[in-house]
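Residues 3 to 81 (this note's numbering) make up the sequence shown, in order. Every residue gets a Cβ at the ideal spot worked out from N, C-alpha and C, and that includes glycine. Just so it is clear, the structure is predicted and the values come from calculations on it, not from any experiment. Heads up, the thing below is written out as structure tokens.
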Amino acid sequence: MFGAFVTRQKGTPMNTLMDKVLDRLVPKATASADTSFYKYCGGCGYIEIFDAVGRLKRLCHVVGGTSSCGPCNTFDIGC
């Protein structure tokens, strides 16, 4: 609550002590981003159901460092 009103002077013994206390109490921030991407399931070829040349792909997600992929149900036309 007082932090907004206190001007910080770098290098004083009290600030150095408080920095050490904060380092112990507050966890370090880690940057992690959630993302999604497509992954091809196989080679390129003729898919009779779609009457086209292309390949199947699946949607994959990365959340919190753990990745998972869905079924191969998306068709990408062309190779």
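Sort out for me which residues DSSP pairs residue i with in a bridge.
i: LYS41; result: ARG60
i: VAL55; result: TYR48
i: THR76; result: LYS59
i: VAL65; result: THR68
Please look up how many angstroms separate the CB atoms of residue i and residue j, rounded, as I've assumed it's under 8 Å.
i: CYS43; j: LEU58; result: 5 Å
i: TYR40; j: LEU27; result: Between LEU27 and TYR40 the Cβ distance is about 42 Å, and since that is not below 8 Å, they are no contact.
i: VAL55; j: GLY45; result: The pair is not a contact, with the Cβ atoms about 11 Å apart (cut-off 8 Å).
Kindly indicate which residue of the options has the alpha-carbon position closest to the one of residue i.
i: SER38; options: ASP53, SER69 and ALA54; result: SER69
i: THR49; options: GLY66, ASP78, ASP25 and THR18; result: The sequence as given places Ile at residue 49; Thr does not occur at that position. The residue with the shortest Cα to Cα distance from ILE49 is ASP78.
i: VAL64; options: GLY45, VAL55, ASP53 and ALA35; result: ALA35
i: GLY80; options: GLY66, PRO73 and PHE52; result: PHE52
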